[in-house]
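Anchor point for the sequence shown: position 47 equals 47 in full-length UniProt numbering, and the numbering is continuous, going up by one each time. Report on the structure given below.
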Amino acid sequence: MDSSAYPGGGFAGVPAVEFSFVEDARPYPFLRTQDDTYEHLNGQLFGRLPAVAKALAEVVGQLLIRLSHDHLLPLDFGAYGELLLQRIAEFQPYSSELKSRGLTLQWMYSARGDYSRAAEQLRQDIVSSEERNERLNR
């Protein structure tokens, strides 16, 4: 959820995965700097970057096979609606401040309702579609 790629891809229904790792509870000090180079990363991993990259590529390969093998992707559209509701609730403590500025949370709740109804309709369409028609289900 803290990924910069999530808002675009996640809500567009595009399956996405982002990886990160920590070596011996030490943060990588060069992230998002000009010093974020192959040499520094390889040094942080004590020369194991090629092996780590290979292992990561194998994991990603398995995920891609899993996501693309079945013609009907296992996406839980309703989960996003629940997540939106949780995020909207985080704004609740600020509702009086928002109201003093002429704003309310109602539009967020309405948008969440629209999304939830559309997601449910999509789920019903998928359930009632021809399961064997791979082009239709992708």
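Idealized CB from N, CA, C, for every residue including glycine.
Asked	Found
Residue nearest to residue 110 in terms of C-alpha spacing, selected from 130, 81 and 123	81
Residue 105 vs residue 95 beta-carbon contact at 8 angstroms	yes
Range covered by the alpha helix (DSSP H) that runs through residue 114	106 to 128
Distance between beta carbons of residue 63 and residue 17, contact taken as under 8 angstroms	6 angstroms
Endpoints, the alpha helix (DSSP H) within which residue 142 is located	In this structure the chain extends from 1 to 138, so residue 142 is not present and cannot be described.
Distance, residue 55 Cα to residue 30 Cα	22 angstroms
Between the CA atoms of residue 98 and residue 77 - distance to the nearest angstrom	30 angstroms
Cβ separation of residue 112 and residue 88, assumed to be a contact under 8 angstroms, to the nearest whole Å	6 angstroms
Range covered by the alpha helix (DSSP H) that runs through residue 95	95 to 100
Residues near residue 119 in its chain [Cβ-Cβ closer than 8 angstroms; skip 5 each side]	77, 78, 80 and 81
8 angstroms Cβ cutoff met for residue 45 and residue 23	yes
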